[in-house]
Structures are given as structure tokens and as C-alpha cells.
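Structure first, then comments.
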Amino acid sequence: MQEENLTQFSLKAADLLDELWGVMTDQLPATEEIADAERTLKRYIKLMQRLGEVADNSRMTGLQSACAMVEANLESVQHEERVLTPAEFDLLAGWPEQLLGFVMSQGDSAAGEAMVQYLMQSAWPLPLGE
17 MQEENLTQFS LKAADLLDEL WGVMTDQLPA TEEIADAERT LKRYIKLMQR LGEVADNSRM
77 TGLQSACAMV EANLESVQHE ERVLTPAEFD LLAGWPEQLL GFVMSQGDSA AGEAMVQYLM
137 QSAWPLPLGE
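When you line the sequence shown up against the numbering used here, it's residues 17 to 146, in that order.
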């Protein structure tokens, strides 16, 4: 059943993942200018909301929760009206790779654990487990 859900998620989320990957490409100004950070955060949040909806519709509740957590972290930065730290920038730039790794591994437990560890990193404004 999970494999079917993951396949459904993969098909519906492919374009969103591609777009998410591109958000952080050449967006270094998000670490330097508040206006650039705001634009980047809005775009990333919108994509995370859409990916979360796709995960929910695909009955991938763990994946939906992970997307919601990333979204909450982004909203925290947005609420503070500040630029991204270099560490936050790196986390956001690497998040699509975590999602893709999970999908490509067919949702195996090691990939799921890697995502959990990624979300526990202290560079997140609201790391998992705190």
C-alpha cells in the first residue's frame, strides 16, 4: 500500500519537486536582503503547502508532517522579518534532495530516518524534537 501511495505522490509531485529545487538556486541574496528573503520564503512556503497537500492526498501522513514542519520553520523566519542564515539557506537548499531520496528509495526506513535526522538539525529555527 505504501508503495502505491508513494508512486501516486511521485507522479503528482514531480513538477513541484523540480520547482522547489530551483527556488534556492542562485538565491544567495536571501541571506543578504530582507526583500529577497521574503520573496524566496513566500515561494518556498507555497511549494511546501502544495507538496503537503499532495502527500496528504496520497495518504503519506509522515511526509505531509515533514512538509508542514519545514513550512512552520519558514514561517518562523518570515515572521521575524529577517534574512536566512547561511545554515538555514543550506538546509532549504538540501531539503529537495531529502524528499527525492525518500521517493527514490521507495520510502525505505533508512531514507525516512535520514529525513528525520535532517529535520532535527539545530540550524532549523524550530528543529524536530524541541
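No residue lacks a Cβ here, since even glycine has one placed at the ideal position from N, Cα and C.
Note that this is a predicted model, so its numbers are computed, not measured.
query	result
C-beta atoms of ARG59 and VAL39 nearer than 8 Å	yes
Opening and closing residue of the alpha helix (DSSP H) in which VAL70 lies	50-73
Contact the stretch 86-93 vs the stretch 118-126: 3+ CB pairs below 8 Å	no
Span of the alpha helix (DSSP H) around TRP37	18-39
Where ALA51 falls, given that 16 or more other Cβ within 10 Å makes a residue buried	exposed
Sub-8 Å separation of VAL70 and TRP111 beta-carbons	no
Validate contact between the stretch 25-35 and the stretch 73-80 using beta carbons, cut 8 Å, 3 pairs	yes
Whole-number beta carbon distance between LEU79 and LEU36, since they are thought to touch under 8 Å	With a Cβ gap of about 13 Å, LEU36 and LEU79 do not count as contacting.
Selected residue, minimal CA-CA separation from ALA53, among GLN122, ALA139, LEU100 and MET131	LEU100
Proximal residues to VAL119 (C-beta, below 6 Å), its chain only, five neighbours per side dropped	SER26
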